[in-house]
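Using UniProt numbering, the first residue of the sequence shown is number 1, and each one after it goes up by one. We put the CB at the ideal spot given by N, CA and C, even for glycine.
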Amino acid sequence: MSASVMTGFCRVTIVAPHIRVDVALPEDVPLSEIMPDIVRLTDQTQSAEAHRGFNLSRFGQDPLDPALSLAAQGVRNGEILYLRSKAEQQPPIVYDDVVEAIAGAVESNSRLWNDRMLRAVALSGAALFMYLSAFVLWRAGSGGDIHGVPAILAGVMAIVLLSVGAARALVYDDHVSGAVVCAGALPHAFVAGLGILPVQEGFGPGRGHFTTASVTLLVAAVIAALLLPYRDAIFFSAALASVIGMVSGLIALFTEASVTKVAAVTATLALALIGFLPGLAARWAKIPDTFTVPEASDEPDEEVDVALIKAQANRGHEVLVGLVGACVLVLVVSLGILGFSNDLWARILTAVIAVAMFGRARIFRQATEVILLAGGGVVGLLLLELGLTLSASNSNLDRTTWIFGTTAVAAVLFALVGITLPGRQISPFWGRAMEIFEGVVLASVVPLCVAVLRMHDWARSGFGLF
């Protein structure tokens, strides 16, 4: 048994620019907490590079992660660590043997299999099988009726997964696996909600079943978000999506509108909600206002707590990712319903909303939100093309040719954007033209939604009075 296991310390040699120190460091403490002591022991507090900060690294390798402990990064007794300024570049390694050069090149490859990849694959497999178990329970009933044993099993499974995930996050401080396990409870909660009400013989699950399923999903998402202090973006997404689904289900119940009409209203509202998400996320994360009116006072201004502001900004971004993901999920489902309908106005609305999603992506700067919205727009266009293709008759050559032509044009447009736009700055003229085009697209969404709802027919008939 090594000394580090018995004592909790790891004996290493630290090589600084002008000194070499043998020291025993705690192996289970994050490196950032002991770095000030290391800098003091190596007499680097008064160096010219002290204001830039220091890091520890093995020879010829990337710096150690300051958020992790020495044990977590595989540092063993007797290793030599180099203390360097963050502004200093690592010197290139010079080899005098071909075998060593090959070994160094292989070790420097970041795509080698490691423990992090093993953990990611295992957790991904666990998530897939949890979602599969929910799908199995959903398909267990005959004729779509899962009232009874399948719904009870789904509810029990949701409670168990929420409990295990919360224990992993709160007791073992493993927020990633806790979030994965709690996320597996969401589809089980939805399936349990579908089975609360019995299904009439000869009919499948209806609007009432969807509404109750949205309610149970909302409850599970809120509980998971309260139990997990971190990694809860997916639960914000599920909560917002379930609220939108619950409202849509209630509208369908009380108005007896068709699925296409409900999807048109839902997609329009979800698209309009995207513009308010940054403000909602900032308020939820309690990010302070960027400008305050200065007051006349003799007291000096208070120092800004940079660490607190950074934590609030990161929290706001995490919440924003979840909210944007919810709107994109609702939009994709709604566009799928509209794209596969046989309504011309619904299909036009699908194309317009998909294009509008690309415009909405321009208001964000973080890659995650842009990828979600742009990817959702691409999926919406693909669902429209797929719906047109599957509904087209093989003998209708003109329609098939038109669908093929639009698909080819879309492929060429996306290829041109990927080839020409990266690395080029958009001129003010084209920037203004894009803003005008986006405004026209957004302004056309509401009239197209009205057309899908057939409200013009209702208005021409005298508002239903004649």
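One or two residues paired with residue i in a DSSP bridge
{"i": "Val-15", "result": "Arg-20 and Tyr-82"}
{"i": "Pro-26", "result": "Phe-9"}
{"i": "Pro-63", "result": "Ser-57"}
{"i": "Ser-69", "result": "Pro-30"}
Continuous beta strand (DSSP E) stretch holding residue i: start and end
{"i": "Ser-57", "result": "54 to 57"}
Own chain, CB closer than 8 Å to residue i, minus 5 neighbours either side, in chain order
{"i": "Phe-358", "result": "Leu-373, Ala-374 and Gly-377"}
{"i": "Leu-383", "result": "Val-332, Leu-335, Gly-336, Gly-339, Phe-340 and Thr-350"}
{"i": "Leu-277", "result": "Leu-320, Leu-323, Val-324 and Cys-327"}
{"i": "Met-246", "result": "Thr-211, Ser-214, Val-215 and Leu-218"}
{"i": "Ser-57", "result": "Pro-63, Leu-64, Leu-81, Tyr-82, Arg-84 and Gln-90"}
{"i": "Ala-71", "result": "Ser-4, Cys-10, Glu-27 and Asp-28"}
{"i": "Thr-406", "result": "Glu-385"}
{"i": "Leu-68", "result": "Pro-30 and Leu-31"}
{"i": "Ile-403", "result": "Glu-385, Leu-388, Thr-389 and Ala-392"}
Residue i - DSSP class collapsed to helix/strand/coil
{"i": "Ser-341", "result": "coil"}
{"i": "Ser-427", "result": "coil"}
{"i": "Arg-283", "result": "helix"}
{"i": "Leu-197", "result": "coil"}
{"i": "Gln-312", "result": "helix"}
{"i": "residue 468", "result": "Examination of residue 468 is not possible in this model, given that the chain is present from 1 through 466 alone."}
{"i": "residue 467", "result": "Here the chain covers residues 1 to 466 and nothing more, so residue 467 does not appear."}
{"i": "Ile-38", "result": "helix"}
{"i": "Arg-454", "result": "coil"}
{"i": "Ile-146", "result": "coil"}
{"i": "Gly-336", "result": "helix"}
{"i": "Gly-325", "result": "helix"}
{"i": "Asp-298", "result": "Only weak support is given to the placement of Asp-298: the predicted model assigns it a pLDDT of 49, under 50, and the question is left unresolved by the model."}
Residues of its chain near residue i, where Cβ-Cβ distance is below 6 Å and the 5 sequence neighbours each way are ignored
{"i": "Val-191", "result": "Ala-134, Leu-137, Trp-138 and Ala-154"}
{"i": "Ala-151", "result": "Ala-192 and Gly-195"}
{"i": "Gly-165", "result": "Gly-178, Val-181 and Cys-182"}
{"i": "Val-21", "result": "Ile-14, Leu-41 and Thr-42"}
{"i": "Ser-237", "result": "Gly-322, Gly-325 and Ala-326"}
{"i": "Glu-79", "result": "Val-12"}
{"i": "Leu-329", "result": "Ala-241"}
{"i": "Leu-161", "result": "Val-181, Gly-184 and Ala-185"}
{"i": "Phe-235", "result": "Ala-221, Ala-224 and Ala-225"}
Boundaries (first-last residue) of the alpha helix (DSSP H) holding residue i
{"i": "Leu-271", "result": "259 to 273"}
{"i": "Thr-211", "result": "207 to 227"}
{"i": "Ser-248", "result": "233 to 255"}
{"i": "Ser-133", "result": "115 to 138"}
{"i": "Arg-76", "result": "Counting along the chain, Arg-76 falls outside any alpha helix (DSSP H), and DSSP gives it neither H nor E."}
{"i": "Ser-444", "result": "From DSSP, Ser-444 is part of no alpha helix (DSSP H); its letter is neither H nor E."}
{"i": "Leu-288", "result": "Residue identity differs from the one stated: residue 288 is Pro in this sequence, not Leu. It is not in any alpha helix (DSSP H) - Pro-288 carries neither H nor E in the DSSP assignment."}
{"i": "Phe-190", "result": "175 to 194"}
{"i": "Thr-407", "result": "397 to 420"}
{"i": "Val-160", "result": "149 to 170"}
{"i": "Thr-368", "result": "367 to 391"}
Cβ neighbour criterion (16 or more within 10 Å) applied to residue i
{"i": "Glu-27", "result": "buried"}
{"i": "Arg-283", "result": "exposed"}
{"i": "Trp-430", "result": "exposed"}
{"i": "Leu-416", "result": "exposed"}
{"i": "Asp-298", "result": "Any answer about Asp-298 is weak, because its pLDDT of 49 lies below 50 and its placement is not dependable; what the coordinates show is given next. Exposed, because fewer than 16 other Cβ atoms sit within 10 Å of the Cβ of Asp-298."}
{"i": "Val-99", "result": "exposed"}
{"i": "Gln-366", "result": "exposed"}
{"i": "Glu-256", "result": "exposed"}
{"i": "Pro-205", "result": "buried"}
{"i": "Glu-435", "result": "exposed"}
{"i": "Ile-244", "result": "buried"}
{"i": "Thr-389", "result": "exposed"}
{"i": "Gln-61", "result": "exposed"}
{"i": "Ser-242", "result": "buried"}
Cβ shell of residue i (< 7 Å), same chain only, five flanking positions each side left out
{"i": "Lys-286", "result": "Gln-312"}
{"i": "Ala-356", "result": "Leu-271, Val-441, Leu-442 and Val-445"}
{"i": "Thr-260", "result": "Ile-337, Leu-338, Ser-341, Asp-343, Ala-346 and Val-452"}
{"i": "Gly-8", "result": "Pro-26, Glu-27 and Asp-28"}
{"i": "Ala-249", "result": "The identity of residue 249 in the sequence shown is Gly, whereas the question assumes Ala. Excluding residues within five positions, the ones whose Cβ falls inside 7 Å are Arg-207, Phe-210, Thr-211 and Ser-214."}
{"i": "Val-175", "result": "First, the residue type needs correcting, since residue 175 is His and not Val in the sequence shown. Counting only Cβ-Cβ distances below 7 Å, and skipping sequence neighbours, we find Ala-169, Leu-228, Tyr-230 and Arg-231."}
{"i": "Thr-239", "result": "The residue asked about is misnamed: residue 239 is Ala in this sequence, not Thr. Cβ within range, chain order: Leu-218, Ala-221, Val-222 and Ala-225."}
{"i": "Ile-353", "result": "Ala-267, Leu-271, Leu-331, Leu-335, Gly-380 and Val-445"}
{"i": "Leu-280", "result": "Leu-323"}
{"i": "Val-370", "result": "Ala-361 and Phe-364"}
Proximity test, residue i beta-carbon vs the ligand ADP heavy atom, cut-off 8 Å
{"i": "Arg-11", "result": "Ligands are entirely absent from the displayed structure, and the ligand ADP is therefore not among its contents."}
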